[in-house]
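Enquirer: Numbering (full-length UniProt numbering), first residue to last: 1 to 171. Even for Gly, the Cβ is constructed at its ideal location relative to N, Cα and C.
Pasting the structure below:
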C-alpha cells in the first residue's frame, strides 16, 4: 500500500502526539524514560509530494516521573531550558516511499546548537484530513553540549520515539 498525503498545510495535534526519550544510566543498569508534554508543529506538503515543517518541544516539559531528575535535566548540565526553552526539529525535506516509510532530513537544534538529523518514519494512518507518523531514532546528546556524565554513569545514545499526528488545515 502506498499512501498519498494530501498537499497543503498541516497542523500537529498535540492531544494525539507523543515524543518520548529513553537513555541508559547508572552504567547501563537503569533506563531513564521521559515524555515531553509540550509539543507543537506544522508542515506543508508540496505538489511534488515532498514536505517541510517544524516540530518544537518545550524543553521544560520533559517528565521522567522524578522531580529532582527533571529539574537537573532542565538545568545547565543538560537542556538549559531557561536560556534555550525549545528543542526544534526543522524538516527540510520529507518524502514518502513506496513502502509507506518517510525519509526525513532536517536540522535538530538543542541548547542553541544545530546539527543535521535524518529520520526514517512510518505512515501508520492516513486520510484526506489526517496523517500519523511514527519514528524512532538516536541522538548523541554530547553533540549538543550535554556532556555531563558524573563518574561515567551515562553511556551511549539517547533514543527518541515519536508518534506525530497531523490534521490538514488548508489546501
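Could you have a look at residue 6 and say whether DSSP puts it in helix, strand or coil?
Expert: What you label residue 6 is simply residue 6 of the chain shown in a count that begins at 1. Looking at residue 6 - three-state DSSP - the assignment turns out to be coil, as it is neither helix nor strand.
Enquirer: Could you confirm whether any beta carbon from chain C is found closer than 8 Å to the beta carbon of residue 167?
Expert: Absence of chain C from the displayed structure is noted, only one protein chain being present.
Enquirer: Can you confirm whether the region 8-16 touches the region 59-73 when touching is taken to mean that 3 or more C-beta pairs between the two stretches lie within less than 8 Å?
Expert: No, because fewer than three Cβ pairs between the region 59-73 and the region 8-16 fall closer than 8 Å, the two stretches do not touch.
Enquirer: With a threshold of 8 Å on Cβ separation, who are the neighbours of residue 78 within its own chain once the five nearest residues in sequence on each side are excluded?
Expert: The residue labelled residue 78 in the question sits at position 78 within the chain shown. Contacts found: 72, 141, 146, 148.
Enquirer: Look at residue 43 and residue 166 and say whether their C-beta atoms are less than 8 Å apart.
Expert: By 1-based counting over the chain shown, the position of residue 43 is 43. By 1-based counting over the chain shown, the position of residue 166 is 166. It is a contact, given that the beta carbons lie within the stated cut-off.
Enquirer: Quick one: residues in its chain with C-beta nearer than 8 Å to the C-beta of residue 128, no 5 flanking neighbours on either side, listed in chain order?
Expert: Mapped onto the chain shown, residue 128 falls at position 128. Within the same chain, residue 128 has close Cβ partners 6, 168.
Enquirer: What distance in whole Å lies between the Cβ atoms of residue 125 and residue 119, which are believed to be in contact at a cut-off of 8 Å?
Expert: Reading the chain shown from its first residue, position 119 is the one you call residue 119. Reading the chain shown from its first residue, position 125 is the one you call residue 125. Contact doesn't hold; Cβ gap of about 18 Å is too wide.
Enquirer: Determine the burial state of residue 222: buried for a count of at least 16 other Cβ atoms within 10 Å of its Cβ, exposed for fewer.
Expert: Outside the modelled stretch of the chain, which goes from 1 to 171, sits residue 222, for which no answer is possible.
Enquirer: Leaving out the 5 sequence neighbours to the left and right, which residues in its chain are closer than 7 Å to residue 86 when beta-carbon positions are compared?
Expert: For this step, residue 86 is matched to residue 86 along the chain shown. Answer for residue 86: 56, 57, 58, 59, listed in chain order.
Enquirer: Can you round the beta-carbon distance between residue 84 and residue 111 to whole angstroms, since I take them to be within the 8 Å contact cut?
Expert: The sequence position of residue 84 within the chain shown is 84, counting from 1. The sequence position of residue 111 within the chain shown is 111, counting from 1. That pair is a contact at about 5 Å.
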